[in-house]
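Heads up, the thing below is written out as structure tokens.
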Amino acid sequence: MAVQNQVAVWKNKSLSDFWLTGRGLEQNNRANGQPYALFSHKLLASEDMDAQAMAMTAILGAVSRVIDIVHGRNKFTVNFSSQEVRTNFATKQIALSAEPLMNPPPGYLMPDIVDVLTGMALHEAAHAQFSKPEYYTEMPGNPFMATIRNVVEDVYVEHLTSLYYPGYAGYFWKYRRYEFDLQPEKWAHQPKKDLMENELNLRASDFLLVMRSTRDYVSSVPRVNNVAEMLRKMIYIDNPARLEKLNTRNVAKKIYEELFGNMIQHDIAYSLPSTLLDYNKRGQHQAEAGSAQNDFKTNIPSDLQNLIQNMRQEQLQVANLSELMEAGLDPDYPPPPPPMVVFRRPLIGEGAAERYEQSRSVVKPFVIRLRNRLSWANTRQVINQYQLPSGELDEDSLYQASYSNKIFRRTEIINTRTRNLDIGLLVDTSASMVYPAGEGISRVELARHLATLFVEALEPVDSVKTWVFGFNLKGAVNMTELYSPQLTNKARLGMTNAEGTTPEGTAIKYAALRLLAEGRPFVQKVLVVIADGNPNPGPETRLVKEQVRKLKGQGCKTINILLGDRPLEYGYQYTIPWTDFYTVTTEFGRLLKKLVEEE
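Structure, rendered in structure tokens:
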């Protein structure tokens with residue numbers, strides 16, 4: 001009960017002002033002598049998206065450091081939620097609602113808001129650390145049992161975390177106060193016409209508030225107060241080792257029986273393990289757009305999400321490099337964990353076919369030119385010759401002859417040369433590709449045009465097999481399969497969009513592995529990287545050089561088509577800077593022929 005007795009200390013104190021203010025570092029006598037705040041709502045309310053992203057990135061960095069103490073360094077990625085980002089323990093991702101930040105309650109300062117966000121993140125991290133597998137895989141048989149199960153598990157993981165890390169109990173208290181006390185109508189009991197249903201809902205909602213409210217809520221139903229006191233005696237103990245052995249499933253079942261008695265005939269039904277990790281959206285603090293719960297939820301815009309993730313990734317890479325330098329390159333010092341790599345085959349969305357057709361119309365004048373530059377690569381040519389046979393034919397034979405043009409046609413197949421190639425295209429789809437590559441066109445649009453040009457030019461060439469992958473980093477390294485010998489719908493090339501950061505070195509590694517694994521044996525491999533030359537700093541930049549060197553040793557040629565203005569020397573042995581389609585096709589054909597004929 002020691003943790004419970006500390007509540008009075010947290011009520012009027014901001015736990016996060018140590019990093020949001022200059023206290024102890026710099027004093028500003030303005031504002032009545034209060035410490036000068038480094039971040040404020042004025043910055044978040046600014047129309048400058050870069051300024052908003054910088055402030056929100058700093059907040060995420062502070063919250064992540066607290067999470068790292070519980071789980072270890074960089075085990076979980078913390079982001080603000082958007083339509084694409086949700087809490088998912090399988091992918092090691094925690095998503096926080098931006099509601100406290102974008103729509104703060106009256107009287108809340110920035111330190112108070114960061115307290116709430118830290119409490120949200122710690123709550124999800126506590127579930128990942130201490131919740132048993134059945135909490136995610138078993139489905140309660142009715143909504144009342146689901147409520148009891150969630151309340152028991154939430155109280156359990158928060159108290160257990162507070163025993164191991166006493167300083168974090170205050171963050172949990174701030175989170176509960178924001179979630180359950182500032183909007184009483186959100187959790188209040190809604191009277192029902194059916195008397196039985198009304199009583200069931202009253203007991204469930206009151207039990208939730210008695211256990212989760214910070215205002216010492218007392219239910220009007222004595223049984224609810226008695227059951228809540230019984231749960232406190234089970235969970236609020238000071239021995240963490242003993243508490244870890246507690247079976248919360250059995251506790252929830254006992255609480256359920258005591259709270260509802262014989263009011264519900266069936267007890268608790270569990271299904272087979274579910275593929276849904278959060279069956280009641282635990283941790284997913286945002287509802288989908290247009291849903292009934294959207295009044296209390298906030299998603300940040302996708303473009304702001306991409307900018308924050310880009311800044312966050314750069315911040316993490318620099319931090320990793322700094323820690324390695326501080327460790328004196330100690331071989332026993334653990335390196336940062338590599339990102340998870342996921343290969344995806346996207347469904348063809350709305351507008352993808354139109355974008356592909358637009359790219360096809362742009363590159364159509366250059367398709368034959370690029371194909372001709374590869375004419376030495378065994379272009380299959382079919383020639384049909386028609387002739388009229390001569391000779392005598394009597395009347396009976398004439399009527400018995402087959403009436404078909406086939407008797408007058410002779411087919412000849414000509415192969416210009418006998419060079420086989422497996423070509424992989426790796427297309428950068430990170431957020432930096434939104435910048436212009438020329439007048440009226442972005443880099444991601446230009447990359448789509450180039451990918452379409454290669455596929456249109458190489459598809460009819462029998463001896464050449466082609467793969468196209470897009471890549472970016474959003475929680476994991478996403479390798480999007482846009483075209484391959486098994487995935488021949490070219491409309492997927494229209495699915496390229498700019499988002500996330502640029503794990504170029506990792507993408508080269510795994511694209512090459514797919515090319516080597518799925519390509520034909522003893523056939524020359526060529527990897528073409530279409531990027532803007534802005535890989536994530538630190539390990540990813542070094543990995544580009546390392547992978548290009550390894551592929552060269554394995555006989556795989558690597559060519560970079562550079563769409564940005566970065567200096568050419570950042571890892572690739574052969575680089576073709578973007579000028580125009582005519583020049584790029586000419587230079588590519590000349591360079592590829594030179595590299596292949598060196599073998």
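Taking UniProt numbering, the leading residue of the sequence shown gets 1, the next gets one more, and so forth. Quick reminder that beta carbons are idealized off the backbone N, C-alpha and C, glycines included. Predicted, not measured: the structure shown is a model, and the values here were computed from it.
A straight-line Cα-Cα distance of about 27 Å links VAL224 and MET120. Excluding its 5 nearest sequence neighbours in each direction, PRO535 has C-beta neighbours in its own chain below 7 Å: THR502, GLU504, GLY505, THR541, VAL544, listed in chain order. Ranking GLY170, ASP532, PHE581 by CA distance to the CA of ASP112 puts GLY170 first.
Counting the other Cβ atoms within 10 Å of the Cβ of ASN103 gives fewer than 16, which makes it exposed. Distance check between ALA98 and each of ASN79, TYR108, PRO577, PRO436 places ASN79 closest, using alpha-carbon atoms only. By the 16-neighbour rule on beta-carbons within 10 angstroms, PHE130 is buried. Contact check for ALA352 and ASP428: beta-carbon distance about 18 Å, past the 8 Å limit, so the pair fails to qualify. Burial of ARG448 is indicated by the presence of at least 16 other C-beta atoms within 10 angstroms of its C-beta. Using a 10 angstroms sphere on the CB of LEU182, the tally of other CB atoms stays under 16, which defines it as exposed. DSSP places PRO301 outside both helix and strand once states are collapsed to three, so it counts as coil. Taking a cut-off of 8 Å for Cβ pairs, the segment 478–485 and the segment 546–563 do not touch, as fewer than three such pairs fall below it.
A direct Cα-Cα distance of roughly 32 Å separates MET230 from ASN88. Between the alpha carbons of ALA204 and ILE59 lies a distance of about 35 Å. Shown here for VAL584: same chain residues with a beta carbon closer than 8 Å to its own, the five before and five after excluded, namely LEU450, ILE561, ILE576, TRP578 in chain order. Counting along the chain, GLU481 sits inside the beta strand (DSSP E) bounded by residues 476–483.
Exposed is the label assigned to SER361, since fewer than 16 other Cβ atoms lie within 10 Å of its Cβ. Where PRO436 is concerned, there is no enclosing alpha helix (DSSP H), although the beta strand (DSSP E) around it starts and stops at 436–438.
In the three-state DSSP reduction, GLY564 falls in the coil class, being neither helix nor strand. Sequence-distant Cβ neighbours of LEU458 in its own chain, meaning closer than 6 Å and more than five residues away, are VAL464, THR466. Of the candidates VAL151, TYR435, PHE588, the residue whose Cα lies closest to the Cα of SER213 is VAL151. Between the segment 514–522 and the segment 471–478, the count of C-beta pairs closer than 8 Å stays below three; the two stretches do not touch. Under the three-state reduction of DSSP, SER64 is assigned to helix. Of the candidates VAL155, LEU259, ALA55, GLN52, the residue whose Cα lies closest to the Cα of LEU243 is VAL155. The beta-carbon separation of VAL363 and THR452, rounded to 6 Å, stays under the 8 Å limit for a contact. Restricting attention to GLN524, LYS509, LEU513, PRO539, the CA atom closest to the CA of ASP422 is found in GLN524. Going by DSSP, PRO577 is part of the beta strand (DSSP E) stretching over 574–577. Shortest Cα-Cα distance from ASP115 to any of VAL526, PRO436, LEU195, ARG176 involves ARG176.
Contact between CYS556 and ALA512 is confirmed by a C-beta separation of about 6 Å, below the 8 Å threshold.
Just measuring C-alpha positions, the residue of LEU163, ALA437, PRO537, MET340 sitting nearest PHE581 is ALA437. Each residue's CA atom was taken as its position, placing ILE348 and MET479 some 16 Å apart. Membership of ASN79 in the beta strand (DSSP E) is indicated by the continuous run 77–80. Judged by DSSP secondary structure, GLN93 falls outside any alpha helix (DSSP H) and instead within the beta strand (DSSP E) spanning 93–96.
Around the beta carbon of GLN554, fewer than 16 other beta carbons sit within 10 angstroms, so the residue counts as exposed.
With fewer than 16 neighbouring CB atoms inside 10 Å of its own CB, TYR164 falls in the exposed class. In the three-state scheme derived from DSSP, where H, G and I count as helix and E and B as strand, VAL151 is classed as helix.
The C-beta separation of ILE94 from GLU134 comes to about 21 Å, leaving the pair out of contact by the 8 Å criterion.
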